[in-house]
Amino acid sequence: MDLIEQYKELTEKCYPAPPKSFFSEIKSIVQKYPHRLEHIMEEDKMIGGCFVLELGKNIYGISGVVIDPKYQGKGYGKKLMEKIHKEDRGIFILKCNQNIKEFYLKIGYKVIKQKGGKNYMVYINNSEVIDF
Ligand SMILES: CC(C)(COP(=O)(O)OP(=O)(O)OC[C@H]1O[C@@H](n2cnc3c(N)ncnc32)[C@H](O)[C@@H]1OP(=O)(O)O)[C@@H](O)C(=O)NCCC(=O)NCCS
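The opening position of the sequence shown corresponds to residue 378 in the working numbering, with each subsequent residue numbered one higher.
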């Protein structure tokens with residue numbers, strides 16, 4: 378099974394459709410940008426994943442973060458985000474629901490805006506990209 382198929386299966390464990398397919402929503406978002414699928418494997422199975430979008434030079438969007446429910450609360454979400462922050466340096470932005478905000482705060486993200494029940498969050502791991 379290819380990585381996208383594995384990711385799709387993962388999203389279905391976290392968000393069983395109907396009413397709507399989380400995977401198709403994420404797929405239509407990420408297709409607008411150059412992107413990569415970051416993931417975590419355990420015993421040859423994808424247990425966590427998300428998309429990293431290249432929104433601009435040193436500006437990244439994080440979308441569709443999912444950890445297999447069986448593995449949640451064991452540090453894998455944090456590990457996934459740390460993997461991304463190690464690989465890319467710059468400014469990361471994401472949008473999340475109120476119930477997940479705390480997870481991203483723990484990783485170092487800051488809320489910059491709240492609107493319609495959503496939190497808009499930012500993380501900077503290389504301030505030199507703001508060199509003007
Ligand atoms: C949200 C999610 C990605 C977190 O991954 P995880 O592997 O369960 O989180 P971790 O075990 O790495 O947790 C890291 C820290 O964040 C905290 N945390 C994790 N989820 C949290 C939540 N929903 N609310 C508050 N704190 C949370 C943990 O307690 C832990 O704190 P600690 O370092 O003080 O021990 C995962 O639970 C998930 O996939 N949820 C369903 C899908 C989803 O909502 N995705 C987010 C889309 S924006």
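Positions of the beta carbon are idealized from the N, C-alpha and C atoms, including for glycine.
{"Asked": "Nearest candidate by alpha-carbon position, reference K434, set D445, F480 and P411", "Found": "P411"}
{"Asked": "Cutoff 6 Å; reference V442; Cβ partners in own chain excluding five residues on either side", "Found": "C427"}
{"Asked": "Residues passing the C-beta test against ligand 1 heavy atoms, cut-off 6 Å", "Found": "C391, V442, V443, I444, Q449, G450, K451, G452, Y453, G454, K455, C473, N476, I477, E479, F480 and K483"}
{"Asked": "contact_flag[the segment 408-422, the segment 448-458] where n(CB pairs < 8 Å) is 3 or more", "Found": "yes"}
{"Asked": "Nearest neighbour of K347, chosen from Y384, M498, I489 and K478 [CA to CA]", "Found": "The chain is shown only over 378 to 509; residue 347 falls outside these bounds and no answer can be derived."}
{"Asked": "Member of L471, I489, E389 and E382 whose CA lies at the smallest distance from the CA of L432", "Found": "L471"}
{"Asked": "Simplified DSSP assignment, three categories, for I444", "Found": "strand"}
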